[in-house]
Amino acid sequence: PVYQKTVSAPVNIAVIKYWGKRDVGLNLPSNSSLSVTLSQNDLRTLTTASCSAAFEEDSLWLNGAMESMCESPRLSVCVRELRKSRLELEAKNESLEKIANYKLRVVSENNFPTAAGLASSAAGFAAFAQAICALYELPWTPTELSRVARQGSGSACRSLFGGYVSWEMGEQPTGADSVAVQVAPVEHWPEMRVAILVVSAAKKGVSSTAGMQATVATSSLFAERARNVVPQRMVEMKNAIRARDFASFAQLTMKDSNQFHAVCLDTTPPIFYLNDTSRAIIRAVESINSSVNGYAAAYTFDAGPNAVIYFLEKDSDLVLTTLRSVTQNAEGWEKADFKPVESSEFLNLEPTVIDTISSGVSRVILTRVGDGPQVLPDT
Ligand code: DP6
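So the sequence shown is numbered by the UniProt record's numbering: it starts at 4 and just counts up by one.
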């Protein structure tokens, strides 16, 4: 027989960024981080893990292309840990099928174009770990599983929960306490909306793994950030989320994105992830916020030029009208559900800024905060 389980896992976008490893082998971060999980209706990875005595080797299919599992140390490490736990479970429980040593076949697909240039490694590794965990019937909590997913890709550990999620850096050299925990579920603050402005569909120039290592080795600003900025910011961000205080959430999110990119610039040789379009989007968001004399939107950028904008449902007419007026030609607006408002009063942008955004943004993805991984019913 073939044993099989299918799961789906979400994308997450950090508002306090993970950047820098204190242990490369165990993939332990230099600072804690915090993210919002995005709805799987719009972005998700669907992964089926199966095993059988008839399979000849471990194999992985990513969006239809076969990848070698043993050539990826990150995948191997996850598989090794999950297999070991299944073996222990089989040893304890005589009635369980002996499947731990069967070869695995993992088939993984994204419901969004890989070409959209979105970080898919977080959803990908979260789905990978969750699918094998379900197949092996390991009685693990998401926090326990996050320890395994973290070793695949750091940001993946945060995709094991829905809502608002922190990755606590931990203290132990083994990494046993470097895990993800839920700060608040979706229902706590369900009004959070997200617009992703796809600026470039190209693969990023400097991978996050390589970029972080260069930063740790050469940036003095980085040490200051990890030691003296992020710990306090984590506390403030958790408080903002618990209090549903969007102004503080927005302020901290933008500051942290900007400091992350400053640290990249402080790396030798410097790493540039933002481009002219990214910077023009920052100007547009700043102008939305000035128009309300406060905070209606917050931008954040990962290791690439794409912008992720957070805003509350109550401000969506204002935020989306502004974004739409500067990205007329982008795909994806047909899904928008909002009443256009008169934008001229708040849109005080120079024509060059508008031109840069409208020629630079190819696609818009509108989504919201969402739930954690789901194990799909057997078919
Ligand atoms: C800028 O999780 O991709 O998106 O652990 O080396 O796989 P590895 O790095 P990865 O880094 C993500 C960096 C980031 C910020 C974040 O998501 O916190």
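In this text, a Cβ means the ideal position worked out from N, Cα and C, and glycines have one as well.
Assign residue i to buried or exposed, taking buried as 16 or more other Cβ atoms, counted over all protein chains shown, within 10 Å of its Cβ.
{"i": "LYS8", "result": "buried"}
{"i": "PRO380", "result": "exposed"}
{"i": "SER149", "result": "buried"}
{"i": "LEU153", "result": "The sequence shown places Arg at residue 153, not Leu. Buried: at least 16 other Cβ atoms inside 10 Å."}
{"i": "VAL27", "result": "exposed"}
{"i": "MET195", "result": "buried"}
{"i": "SER162", "result": "buried"}
{"i": "PRO234", "result": "exposed"}
{"i": "GLN175", "result": "exposed"}
Put residue i into one of helix, strand or coil per three-state DSSP.
{"i": "VAL233", "result": "helix"}
{"i": "LEU148", "result": "helix"}
{"i": "VAL219", "result": "helix"}
{"i": "VAL364", "result": "coil"}
{"i": "MET128", "result": "In the sequence as presented, Met is not what sits at residue 128; that position holds Phe. PHE128 falls in the helix class under three-state DSSP."}
{"i": "ILE284", "result": "helix"}
{"i": "THR50", "result": "strand"}
{"i": "PHE252", "result": "helix"}
{"i": "LEU63", "result": "strand"}
{"i": "VAL82", "result": "helix"}
{"i": "ARG196", "result": "strand"}
{"i": "LEU90", "result": "helix"}
{"i": "residue 1", "result": "Summary: the structure shown does not reach residue 1, with the chain confined to residues 4 through 382, and so no result is reported for it."}
{"i": "PHE314", "result": "strand"}
{"i": "ALA12", "result": "strand"}
{"i": "GLN331", "result": "coil"}
{"i": "VAL184", "result": "strand"}
Please determine whether the Cβ atom of residue i lies at a distance below 7 Å from any heavy atom of the ligand DP6.
{"i": "LYS20", "result": "yes"}
{"i": "SER305", "result": "Per the sequence shown, the amino acid found at residue 305 is Asp instead of Ser. Because some heavy atom of the ligand DP6 lies under 7 Å away, the Cβ of ASP305 counts as near it: yes."}
{"i": "ALA132", "result": "no"}
{"i": "SER124", "result": "yes"}
{"i": "THR325", "result": "no"}
{"i": "SER17", "result": "Going by the sequence as given, residue 17 is Ala instead of Ser. Yes, the Cβ of ALA17 comes within 7 Å of a heavy atom of the ligand DP6."}
{"i": "THR221", "result": "no"}
{"i": "SER11", "result": "no"}
{"i": "THR48", "result": "no"}
{"i": "GLY157", "result": "yes"}
{"i": "GLU218", "result": "Looking at the sequence provided, one finds Thr at residue 218 rather than Glu. No - the ligand DP6 has no heavy atom lying nearer than 7 Å to the Cβ of THR218."}
{"i": "SER36", "result": "yes"}
{"i": "THR212", "result": "yes"}
{"i": "ASN30", "result": "yes"}
Roughly how many angstroms separate the alpha carbons of residue i and residue j, rounded to a whole number?
{"i": "LEU107", "j": "GLU60", "result": "7 Å"}
{"i": "GLY363", "j": "VAL5", "result": "48 Å"}
{"i": "LEU63", "j": "GLY157", "result": "20 Å"}
{"i": "GLY297", "j": "ILE244", "result": "17 Å"}
{"i": "VAL344", "j": "PRO376", "result": "36 Å"}
{"i": "VAL367", "j": "ALA310", "result": "10 Å"}
{"i": "GLU190", "j": "ASP374", "result": "9 Å"}
{"i": "THR303", "j": "VAL238", "result": "19 Å"}
{"i": "residue 1", "j": "VAL39", "result": "Outside the displayed range of the chain (4 to 382) lies residue 1, so it cannot be described from this structure."}
{"i": "ILE285", "j": "ALA220", "result": "29 Å"}
{"i": "LEU90", "j": "ALA129", "result": "22 Å"}
{"i": "PHE252", "j": "MET240", "result": "6 Å"}
{"i": "GLN331", "j": "ILE102", "result": "54 Å"}
{"i": "PRO32", "j": "TYR21", "result": "7 Å"}
{"i": "ALA265", "j": "ASP259", "result": "10 Å"}
{"i": "ALA12", "j": "TYR167", "result": "15 Å"}
{"i": "PHE314", "j": "ARG47", "result": "21 Å"}
{"i": "GLU227", "j": "PHE58", "result": "50 Å"}
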